[in-house]
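Asker:
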Amino acid sequence: MTRRGFLASTAAAGLMAGHNASGYAGAAPNIILIYADDLGYGDVGCYGAQRVKTPNIDALAKRGLRFTDVHTSAATCTPSRYSLLTGEYSFRIPGAKVLPGDAPALIQPGRVTMASMLKQRGYRTKAIGKWHLGLGNGNVNWNTEIVPGPREIGFDESFILPATGDRVPCVYVENGRVRNLDPKDPIKVDYTGPLDDQPTGKTHPQLLKMKPSHGHDMTIVNGISRIGYMSGGKAALWDDDKMADELTGQAVSFIDRNAKQPFFLYFATHDIHVPRSPHPRFSKATEMGRRGNVIAELDWCVGELVAALQKRGLLQNTLIVLSSDNGAVVDDGYQDEAVTKLGSHRPNGPLRGGKYSNFEGGTRVPFIVHWPARVKPGVSDALIGQVDLLRSFAQLTDAKLPVGAAPDSENVLSALLGESKTGRQLLVEQASILSLRDGNWKYISPANGPKVQVNTNTETGNDPQAQLYDLSRDLGETKNLAAENPRKVKELADKLQAIRAAGSRPQP
Ligand code: NG6
Ligand code: CA
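Under the numbering used here, the first residue of the sequence shown carries the number 143, and numbering increases by one thereafter.
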């Protein structure tokens, strides 16, 4: 649909005639969601980083709204992405945990998602980059058409990594087919044991150009051992250090092809996840080694997208949201000097914990809204969950969600646009256990388990006693106030229980 067509149809339906409280009555903005992987609260300049320069991300923050209290739904990838796209808390879905590369599709075809909702409103939709939400129905055959996938839940087009950069299969899947697959060299994937007699990171460490620090010792692709086993598909294997270029090229071409109609681009970067493999031109970008250099590479991607929009006169009326899927981690499984070269850089800024943690570092992430036509520059402390984007975008585009869709998503559009300072009051955060934010109060449920995750050296926030923090005075969660505030603890535990008990409604 053309932009004019979008307006005509919505006007005809009487939906966009004139301003309402927060719906947008101008031309439908394009929406680009730049979803970085493992980018922490302190990893970019506009959130305090100094040892890596992120001029393009900082420019978005300077011209847009920078948020200080936006959260992913969980402290790892799959559950966060599940919530982002469906508007449902991932803790309601037991299967929404870090998935292997051969997992079946987690979001069932026909489900209302951010993509299907925008598609229905006339947007052309595309998913580019990390998927990690499962593909197929189980026993996926990588050598034929792979369905269901992104196209069955609202993306017109897709160009994805099936799972993560560190999980097999290490191939791109474009619109349901492995790109560049030679039928004479079929792909096999197995997460239970080695295939054929192929060397692995465990048996042939001498073949590795980057060694694992924990896990990641299975099939070797491009000198890097991964999680899981695969064979075949030689011609289809991706080039790790050209991945950012490839994904960015795909995004720019999508923008080019859709300059004349509203589009929604879910740009899910591989950066800055492991294996950190920046293009060689970033090899000296920072003094922090690969982990710093992939942040510089991510920033370059952002600059390319902005330049592409600018070139076509689309920057003014494109709503760009930049965020991350969970907090930062330093050693996530490869010996890549991230720990030794970290120096004074604080990946999670002032927050305690990081990826995998119940503390704020697990889910509180950078979040920038850039839309020059509508959003004034500034900083917002509104409490928002990424789970809220679906209902907020529905409000923005005057989409009607069927009853039961996006059950945990709140319309916080006016906060996202900077028209209100208030987001939501209550927000569930998920890591090893559930936590509840009630304004600036943070309640962490009692949890057994290690206090520090040995491999990643992350403070988990596990404690057999309930924890209560007042983030307005103690952002770093250093002083547990539970013992002196038993009534508050009970109040928050009850509220959390009520949210859990509300359960998941049937999903349209
Ligand atoms: C962990 C991996 C880690 C990363 C994570 C998922 C090991 C030892 N660790 O299991 O490297 O892949 O899963 O990250 O295998 S996420 O960002 O996709 O959630
Ligand atoms: Ca992640």
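Here a beta-carbon is modelled for each residue, glycine too, at the ideal position from N, C-alpha and C.
Is the distance from the Cβ of E230 to the Cβ of P549 below 7 Å?
Answerer: Cβ atoms of E230 and P549: closer than 7 Å.
Asker: Please report the straight-line C-alpha distance between T411 and R205, rounded to a whole angstrom.
Answerer: Their Cα atoms are separated by approximately 22 Å.
Asker: Helix, strand or coil, according to DSSP, for R208 in the structure here?
Answerer: It is a strand residue.
Asker: Of the choices V315, T218, T255, A257, whose alpha-carbon is the least far from that of A238?
Answerer: Among V315, T218, T255, A257, the Cα nearest to that of A238 is on T218.
Asker: Alpha carbon to alpha carbon, how far is L461 from P171? Give it in angstroms, no decimals.
Answerer: One C-alpha to the other measures close to 6 Å.
Asker: Could you say which of E388, G335, C312 lies nearest to N364 if we only look at CA atoms?
Answerer: The shortest Cα separation from N364 among E388, G335, C312 belongs to C312.
Asker: Could you work out which residue in N468, D200, Y189, L464 is closest to V240 when comparing CA atoms only?
Answerer: When each option's Cα is compared against that of V240, the closest is N468.
Asker: Can you grab the Cα-Cα spacing for the pair Y224 / D616, in whole Å?
Answerer: When rounded, the distance between both Cα atoms is 30 Å.
Asker: Using the beta-carbon of each residue, find all residues closer than 7 Å to any heavy atom of ligand 1 and list them in chain order.
Answerer: Going by the Cβ distance cut-off, the answer is D179, D180, T218, C219, T220, V240, H274, T306, D308, R309, H356, G357, H358, I369, H415, V416, D467, N468, D474, G475, K497, N597.
Asker: Assuming L227 is part of the alpha helix (DSSP H), what are its boundary residues?
Answerer: Per DSSP, L227 belongs to the alpha helix (DSSP H) from 219-228.
Asker: For Q607, which residues from the same chain have a beta carbon less than 7 Å from its beta carbon, with the 5 sequence-adjacent residues on both sides left out?
Answerer: Around Q607: P588, A624.
Asker: For Y189, which of helix, strand or coil comes out of DSSP?
Answerer: Here Y189 sits in helix by DSSP.
Asker: Less than 6 Å between C-beta atoms, sequence neighbours within five positions excluded: which residues of the same chain meet that for L207?
Answerer: Same-chain partners within the cutoff: V511, V517, G520, S522, G560.
Asker: Fully enclosed by the segment 518-606, which alpha helix (DSSP H) runs are 4 residues long or longer?
Answerer: Runs found: 531-538, 555-558.
Asker: Check E633 in the structure and name its three-state DSSP category.
Answerer: Looking at E633 - three-state DSSP - the assignment turns out to be helix.
Asker: Less than 7 Å between the beta carbons of R418 and R432, yes or no?
Answerer: Taking 7 Å as the Cβ cut-off, R418 and R432 qualify as a contacting pair.
Asker: Rounded to whole angstroms, how far is the Cβ of F509 from the Cβ of F209, which I believe are closer than 8 Å?
Answerer: So it is a contact: roughly 4 Å between Cβ atoms.
Asker: Buried or exposed: where does A163 fall if 16 or more other Cβ atoms within 10 Å of its Cβ makes it buried?
Answerer: Low local confidence applies: a pLDDT of 38 at A163 is under 50, so the model's placement there is unreliable, and no value is given.
Asker: Can you check whether the CB of N627 is closer than 7 Å to the CB of G184?
Answerer: Not in contact: G184 and N627 (Cβ atoms no closer than 7 Å).
Asker: Among T390, A378, G357, Q250, whose alpha-carbon lies nearest the alpha-carbon of I174?
Answerer: Looking at the Cα atoms, T390 is the closest of the given residues.
Asker: List the endpoints of the continuous beta strand (DSSP E) containing M372.
Answerer: Taken as a continuous stretch (DSSP letters only), the beta strand (DSSP E) holding M372 covers 371-373.
Asker: So what does DSSP say about R319, is it helix, strand or coil?
Answerer: Strand.
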